[in-house]
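> In this note's numbering, the protein residues as written are 225 to 447. Positions of the beta carbon are idealized from the N, C-alpha and C atoms, including for glycine. Keep in mind that this is a model prediction, so the values were computed, not measured. This structure is in structure tokens; I'll ask about it shortly.
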Ligand SMILES: Nc1ncnc2c1ncn2[C@@H]1O[C@H](COP(=O)(O)OP(=O)(O)OP(=O)(O)O)[C@@H](O)[C@H]1O
Ligand SMILES: [Mg+2]
């Protein structure tokens, strides 16, 4: 039996990943495809313990207190655990897996800790580590939900009702977020991701409008 398909929805914080992943999974299921949706980090699992410690600031209050390679390992082993215990067999037997974040999130959020001249070497290490050494499947398609920075800031502020204490170590650090944006654009351009522009004249496009574009891309790529 041939392996399944892995479709990844990637994007910066609050870009609509969960929203779009869920709708895409529902749509593909309605077409009769065997579909599962997975979300990373897998907060419901013990395998996310180190991620929780990291995001809560237990290794340092700034993202840069944990280097790109160490932080990437926390997220990678969480994926390994979920693959082994949850969705690996389904995928190996031909299922379609829709992932809200994946290795691609390490690419975006950890590249940003390194100077751009080190990104290529880091990405080479990252993909070799997760897709070859750990044996996780590489995505068949990565959809990058691009949101204009000004709109993104407004959404994040509204989300926490101005309560800064609710933000994790990534979300608190605006300089880090700006670097993550540059890294995301670099990755989308150099790694064959498909960019969906989610903002239009300083506002979010509607969820349905974005979803229609995402469905069009994915159905084209699944053929
Ligand atoms: N196109 C849209 N227009 C307006 N609001 C949206 C849109 N897409 C998502 N939202 C809302 O924005 C919030 C964040 O969406 P969602 O949880 O899907 O994003 P996310 O990328 O998964 O976030 P995070 O990075 O925190 O995991 C939710 O309240 C969601 O309902
Ligand atoms: Mg989410």
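Rounded to whole angstroms, what is the Cα-Cα separation between residue 418 and residue 445?
As a position in the chain shown, residue 418 is number 194, starting the count at 1. As a position in the chain shown, residue 445 is number 221, starting the count at 1. Approximately 11 Å between the Cα atoms of the pair.
> Tell me where the beta strand (DSSP E) around residue 368 begins and ends.
By one-based count along the chain shown, residue 368 stands at place 144. Counting along the chain, the beta strand (DSSP E) containing residue 368 begins and ends at 365-370.
> Which runs of the beta strand (DSSP E) fall wholly inside the region 270-347 and span at least 3 residues, in chain order?
Taking only runs of at least 3 residues, the beta strand (DSSP E) segments lying wholly in the region 270-347 are 320-324.
> Kindly indicate the opening and closing residues of the alpha helix (DSSP H) around residue 251.
Reading the chain shown from its first residue, position 27 is the one you call residue 251. Residues 241-254.
> Any contact of the region 402-411 with the region 262-282, i.e. 3+ C-beta pairs under 8 Å?
At 8 Å Cβ cutoff, the stretches do not touch.
> DSSP beta-bridge partners for residue 230?
By 1-based counting over the chain shown, the position of residue 230 is 6. Answer by DSSP bridge pairing, in chain order: 321.
> Regarding residue 239 and ligand 1, is the C-beta to nearest heavy atom distance less than 6 Å?
The count along the chain shown starts at 1 and reaches residue 239 at position 15. Checking the Cβ of residue 239 against ligand 1 gives yes.
> Going by other Cβ atoms of all chains shown within 10 Å of its Cβ, with 16 needed for buried, is residue 267 buried or exposed?
Position 43 of the chain shown holds residue 267. Result: exposed.
> Could you check whether the region 325-340 touches the region 296-304, counting it as contact only if at least three pairs of C-beta atoms, one from each stretch, sit closer than 8 Å?
Yes: at least three Cβ pairs fall under 8 Å.
> Say yes only if the C-beta of residue 242 is nearer than 6 Å to one or more non-hydrogen atoms of ligand 2, and no if none qualify.
Translated into positions along the chain shown, residue 242 becomes position 18. Yes, the beta carbon of residue 242 sits closer than 6 Å to at least one heavy atom of ligand 2.
> Determine, using beta carbons only, whether residue 404 and residue 333 come nearer to each other than 7 Å.
Here residue 404 refers to the residue found at position 180 of the chain shown. Here residue 333 refers to the residue found at position 109 of the chain shown. In contact: residue 404 and residue 333 (Cβ atoms closer than 7 Å).
> Just to check my reading of the structure: residue 304 and residue 360 have Cβ atoms closer than 8 Å, yes? What is that Cβ distance to the nearest angstrom?
In the chain shown, counting from the first residue as 1, residue 304 sits at position 80. In the chain shown, counting from the first residue as 1, residue 360 sits at position 136. Residue 304 to residue 360, Cβ: 6 Å. Contact.
> Compute the Euclidean distance between the alpha carbons of residue 260 and residue 311, then round it to the nearest angstrom.
Within the chain shown, the letter at position 36 stands for residue 260. Within the chain shown, the letter at position 87 stands for residue 311. Roughly 8 Å separates the two Cα atoms.
> Looking at chain D, is there any beta carbon in it that lies within less than 7 Å of the beta carbon of residue 280?
Reference to chain D is not applicable here, since this structure consists of a single protein chain.
> I need the straight-line Cα distance from residue 348 to residue 342, nearest angstrom please.
Here residue 348 is taken as the residue at index 124 of the chain shown, counted from 1. Here residue 342 is taken as the residue at index 118 of the chain shown, counted from 1. Going from the Cα of residue 348 to the Cα of residue 342 covers about 10 Å.
> Measure the CB-CB distance between residue 172 and residue 324 and report whether it falls below 7 Å.
Here the chain has residues from 225 to 447 only, and residue 172 is not among them.
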